[in-house]
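Read top to bottom, the protein sequences are chains A and B. With the numbering used here, you'll find the first sequence wraps up at 629, consecutive numbering, no jumps. With the numbering used here, you'll find the second sequence wraps up at 1386, consecutive numbering, no jumps. Think of the CB as a built atom: it goes at the ideal place given N, C-alpha and C, for glycine as much as any other residue. Below you'll find the structure, written out as structure tokens, and then a few comments.
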Amino acid sequence: MNYIPNIIFLVLLSVSLAIFIRNIKRINRNISLGKSIDRKDQSELRWKNMIRVAFGQSKMVSRPIAGFLHVIVYVGFVVINIELLEIIIDGLTGSHRVFASLLGPIYNILIATFEILAFLVLVAVIFFWTRRNIVKIKRFWKAEMKGWPKLDGDVILYFEVVLMVLFLMMNATDSILQGIDPKHYIEAGSFPISQFLVPLFEGVSTENLRVMERSLWWMHITGIFIFLNYLYYSKHLHILLAFPNTYFANLNPRGKFPVDFNIKGEVQMMMDPSVAIPEGNTSPPEKFGASDVFDLNWVQLMNAYSCTECGRCTSACPANLTGKKLSPRKIMMDTRDRLEEVGKNLNENKGVFKADEKQLLNDFITPEELWACTSCNACVEACPIEIDPLSIIMDMRQYLVMEKSAAPTELNSMMGNIENNGAPWPFSNQDRLQWVNE
Amino acid sequence: MLNVPTLAQLQSEGKKAEIVFWVGCAGSFDDRAKKITKAFVKLLNQTEVSFAVLGTEESCSGDPAKRSGNEFLFQMQALQNIATLNAYEVTKIVTTCPHCFNTLKNEYPDLGGNYEVIHHTQLLKKLLKEEKLTIQGGKFKGKRITYHDPCYLGRANQIYEAPRELLQKLDAELIEMKSCKSKGLCCGAGGAQMFKDAEPGDKEVNIERTEQALETQPDIVAASCPFCNTMMTDGIKNKEQEDKVQVMDIAELIANANDL
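Encoded structure:
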């Protein structure tokens, strides 16, 4: 017996898994550069949130058309991957449709389901492509979507089309061969979609059909391996990260911004010097707010890798809607780009970051973008996987104000008024009750 | 004549108030917002709610400082206010400003300020339910009202229904804008934008929101935030619709309906 195909398959599988694991480790290392934040509490609520939002796609459907199409692709992706298991076993052992004899009639239902889903995915993907490229929905054509992000979005769709077409063609040739050569091609499966592709292969010799079937089988699985390793370089990581991203999401009311306990002692001391500094809370943090990815917490960094650049956040942002430079999606894309840059730096320098005189602030995100935010939470609300661009904006504002005293002038006078009169306007606190008698 | 006791007065008389009305800086100093404050106090007086204000002992909640990124100033304000509130053993607070509401409710607890904080629309709804407040519908019968969700009440704290339930009692026609509730568009002045010029763009945010409001052809744009009120009022003026469309707080609408 000839073992060469099995060996080739084993090598292919091992290499693609090895690269995939290396990339996952890099992502994990980069995310771990972030500061700690406790998101391990309330596990029951977190599981529920993940099941509802990620598994259940509850926020996707708030935009019905895109949501419906996405659910098709999502269900298709999850279900068709059962087939992957069979392909891998066949590839490693040299069997053919190994589940057929195990599952009997259920196998027919399974294959039929895969085919119908593959067809629906194809249709959905064509709609997606049309929305991007023909209808030109605005959020796919914003400034930050030029170049690679635009291409990336299309490439993912092309990948899906190619994989689905290969899958269906493979089934079509297989089903013909089942009738000619049942010794090698077990009669199994039901082919509600690929039966329509059978006429394409009319008049092809058995030998050529065999070559075609094998080629399609190999191209299909190779395509999947390539796609698996494309993820790391693309916005498509959400298919994995959406789950931890929703699990570790912020469960507090959206209006609650975190209180920095590190400075509480200092504030208390300043207000009343007789207050003893609480133990273990004596030193203020080295740096307030965030100017680079190292200053953000790991959830914010994971958010950046999870972003699919769908732009629902940006299309809901009041600043962006009225032509300001701020785009919450860009905040996430910039954070990821900077984090990737830092990651490459680590790769090249044996895991030690070599100062590169760049940072997230100014080199990627400008103060003009940060100051345009109204903190309205529309972006957070809009995100189908609960990414929080607002938290990054606020951390960066904190850096600008507390480390650089770089607030817009009018805000400085507002803050001066609060300090002096306890109100953002220059009114005396003694006049607080004047309205009663007016 | 408004009856507005301060906590200090009540304490000197050995009395206590059930709930503290946190007036807020806008409610105390801004000419437009002061009218909302007074309308709400009229309703409190009418329903004989036991309340008091801090008066000169109130200070900015710290919201605009925190949203500007000045955590230090925010905590100074918060700790100072918490010291005052705790000294009076305050347990319940009502505010007419969603920004104060959010800060007191969500951000003060971590600094030692634990109170039951409610927005005035929630209190009015409760009073209505307890039949302490009645709303006379006649005056607004047939009027078209659209409600603008303040971000810090809606998305920030999931309060969408209380204001709408009150508006429905006015016998008016409540018409939703194309972006409403969790998808409501900001008026443009949250996150300390009230105190600075907007960044360069094609349009002001309040104009965008005003256009959405005008699409509903309203007689009244209802708000429940003094900042939203200002922004929407400016937007209506910019569109030269101030003769046709009024921007009113829900407290004002109810006070008005009840001839207060």
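Worksheet entry | Burial state of Ser-223(A), where buried means 16 or more other Cβ atoms lie within 10 Å | With fewer than 16 other Cβ atoms within 10 Å, it is exposed.
Practice prompt. For Met-1202(B), decide whether its Cβ has a neighbour in chain A, counting only Cβ atoms nearer than 8 Å.
Written response: So, interface residue.
Worksheet item: According to DSSP, is Met-1127(B) helix, strand or coil?
Response: Correct three-state label for Met-1127(B): coil.
Discussion item. Could you pull the DSSP bridge partners for Ile-1145(B) from this structure?
Written reply: Partner(s): Phe-1177(B).
Worksheet item: Within 8 Å (strictly less), CB to CB, does Arg-1158(B) reach chain A?
Response: Arg-1158(B) is outside the set of residues whose beta carbon lies under 8 Å from a beta carbon in chain A.
Worksheet item: Can you find a C-beta in chain E that's less than 8 Å from the C-beta of Met-251(A)?
Response: Absent from the structure is chain E; the protein chains it does hold are A and B.
Worksheet item: Using a beta-carbon distance cut-off of less than 7 Å, what residues from the segment 556-574 of chain A approach chain B?
Response: Taking 7 Å as the cut-off between beta carbons, the residues of the segment 556-574 of chain A near chain B are Glu-559, Trp-562, Ala-563, Cys-564, Thr-565, Ser-566, Cys-567, Asn-568, Ala-569 and Glu-572, in sequence order.
Practice prompt. Helix, strand or coil for Arg-213(A), going by three-state DSSP, please let me know.
Written response: Of the three classes helix, strand and coil, the one that applies to Arg-213(A) here is helix, per DSSP.
Discussion item. For Phe-350(A), which residues in the same chain have their Cβ closer than 6 Å to its Cβ, ignoring the five residues on either side in sequence?
Written reply: Shown here for Phe-350(A): same chain residues with a beta carbon closer than 6 Å to its own, the five before and five after excluded, namely Phe-418 in chain order.
Worksheet item: From this set, Glu-1242(B), Asp-1369(B), Asn-1283(B) and Thr-1132(B), which residue's C-alpha is nearest Lys-1141(B)'s C-alpha?
Response: With distances taken between Cα atoms, Lys-1141(B) lies closest to Thr-1132(B).
Discussion item. If I follow the unbroken beta strand (DSSP E) through Met-1374(B), where does it start and stop?
Written reply: Run containing Met-1374(B): 1372-1375, per the beta strand (DSSP E) assignment.
Practice prompt. Assign Ala-245(A) to one of three DSSP states: helix, strand, or coil.
Written response: Residue state, collapsed to three classes: helix.
Item to complete: Could you name the residues of the same chain whose beta carbon sits closer than 7 Å to that of Glu-274(A), not counting the 5 residues immediately before and after it, in chain order?
Response: The residues Phe-305, in chain order, have a CB closer than 7 Å to that of Glu-274(A) in the same chain once the five nearest residues on each side in sequence are set aside.
Worksheet entry | Under 8 Å by beta carbon: chain A residues contacting Thr-1342(B) | Chain-order list of chain A residues neighbouring Thr-1342(B): empty, with the shortest C-beta distance near 18 Å, by a criterion of under 8 Å.
Worksheet item: Around the Cβ of Asn-399(A), are there at least 16 other Cβ atoms within 10 angstroms (buried) or fewer (exposed)?
Response: By the neighbour-count criterion, in which a residue is buried when 16 or more other Cβ atoms sit within 10 angstroms of its Cβ, Asn-399(A) is exposed.
Worksheet item: Which residue's Cα is closest to the Cα of Leu-1250(B): Val-1216(B), Pro-1190(B), Ser-1350(B) and Pro-1276(B)?
Response: For the residues Val-1216(B), Pro-1190(B), Ser-1350(B) and Pro-1276(B), the minimum Cα distance to Leu-1250(B) belongs to Ser-1350(B).
Discussion item. Let me check understanding here. Comparing Cα to Cα, which of Gly-1153(B), Leu-1211(B) and Lys-1295(B) lies closest to Leu-1254(B)?
Written reply: Ranked by Cα distance from Leu-1254(B), the options Gly-1153(B), Leu-1211(B) and Lys-1295(B) are led by Lys-1295(B).
Fill in: For Leu-1230(B): DSSP bridge partner residues
Per DSSP, none; premise fails for Leu-1230(B).
Discussion item. Taking only three categories from DSSP, how would you classify His-287(A)?
Written reply: Shown here, His-287(A) sits in coil according to DSSP, grouped into three states, outside any helix or strand.
Practice prompt. Count the CB pairs spanning the segment 606-624 of chain A and the segment 494-513 of chain A that are closer than 8 Å, and state whether there are at least three.
Written response: Touching, no, given that fewer than three Cβ pairs across the two stretches are closer than 8 Å.
Worksheet entry | DSSP-derived helix/strand/coil call for Ala-1349(B) | Looking at Ala-1349(B) - three-state DSSP - the assignment turns out to be strand.
Item to complete: Would you check if the distance between the CB atom of Asn-494(A) and the CB atom of Asn-453(A) is smaller than 8 Å?
Response: In this structure, Asn-453(A) does not lie closer than 8 Å to Asn-494(A) by Cβ.
Discussion item. Short of 6 Å in beta carbon distance, which residues of its chain neighbour Thr-499(A), apart from the five on each side in sequence? Order them along the chain.
Written reply: By the criterion of a C-beta distance shorter than 6 Å, Thr-499(A) is surrounded in its chain by Lys-426 and His-429, once the five residues flanking it on both sides are discounted.
Worksheet item: Closest to Lys-216(A) by CA distance: which of Ile-609(A), Val-627(A), Phe-544(A) and Asn-538(A) is it?
Response: Ranked by Cα distance from Lys-216(A), the options Ile-609(A), Val-627(A), Phe-544(A) and Asn-538(A) are led by Asn-538(A).
Worksheet item: Expressed to the nearest angstrom, what Euclidean distance is found between the alpha-carbon atoms of Asp-1297(B) and Phe-1166(B)?
Response: Asp-1297(B) and Phe-1166(B) have their alpha carbons spaced roughly 20 Å apart.
Fill in: chain B contact residues for Arg-588(A), given Cβ-Cβ distances below 7 Å
Chain B residues near Arg-588(A): Ser-1194 and Gly-1195.
Worksheet entry | Proximity to Tyr-1273(B) [Cα-Cα], best of Trp-1148(B), Thr-1336(B) and Gly-1239(B) | Nearest in C-alpha terms to Tyr-1273(B), of all of Trp-1148(B), Thr-1336(B) and Gly-1239(B), is Thr-1336(B).
Practice prompt. Name, in chain order, the residues that DSSP records as bridge partners for Thr-1132(B).
Written response: Under DSSP, the beta-bridge partners assigned to Thr-1132(B) are Val-1179(B).
Item to complete: Grab the span of the alpha helix (DSSP H) containing Tyr-298(A) for me, first residue to last.
Response: First-last of the alpha helix (DSSP H) with Tyr-298(A): 296-324.
Worksheet item: Among the residues of its own chain, which have a CB less than 6 Å from the CB of Phe-1177(B), if the five just before and after it don't count?
Response: Around Phe-1177(B): Ala-1143, Ile-1145, Phe-1147 and Leu-1170.
Discussion item. Let me confirm a value: Val-326(A) is counted as buried when at least 16 other C-beta atoms fall within 10 Å, else exposed. Which label applies?
Written reply: Val-326(A) should be labelled exposed.
Item to complete: Using a Cβ cut-off of 7 Å, pull out every chain B residue sitting near Leu-512(A), in sequence order please.
Response: Here the neighbours are Glu-1334.
Worksheet entry | Check whether Thr-600(A) and Gly-1317(B) have beta carbons under 8 Å apart | Contact flag unset, no.
Worksheet item: Where does the unbroken alpha helix (DSSP H) through Glu-1242(B) begin, and where does it stop?
Response: Element bounds for Glu-1242(B): not the alpha helix (DSSP H) but the beta strand (DSSP E), 1242-1245.
Practice prompt. Can you give me the Cβ contacts of Glu-1183(B) inside the same chain, cut-off strictly under 8 Å, excluding the 5 residues immediately before and after it?
Written response: If we look at Glu-1183(B) and ignore the five residues flanking it on each side, its Cβ neighbours are Thr-1132, Leu-1133, Ala-1134 and Thr-1210.
Worksheet item: Closest Cβ-Cβ distance between Asp-1328(B) and chain A: below 8 Å?
Response: By this cut-off, Asp-1328(B) is an interface position.
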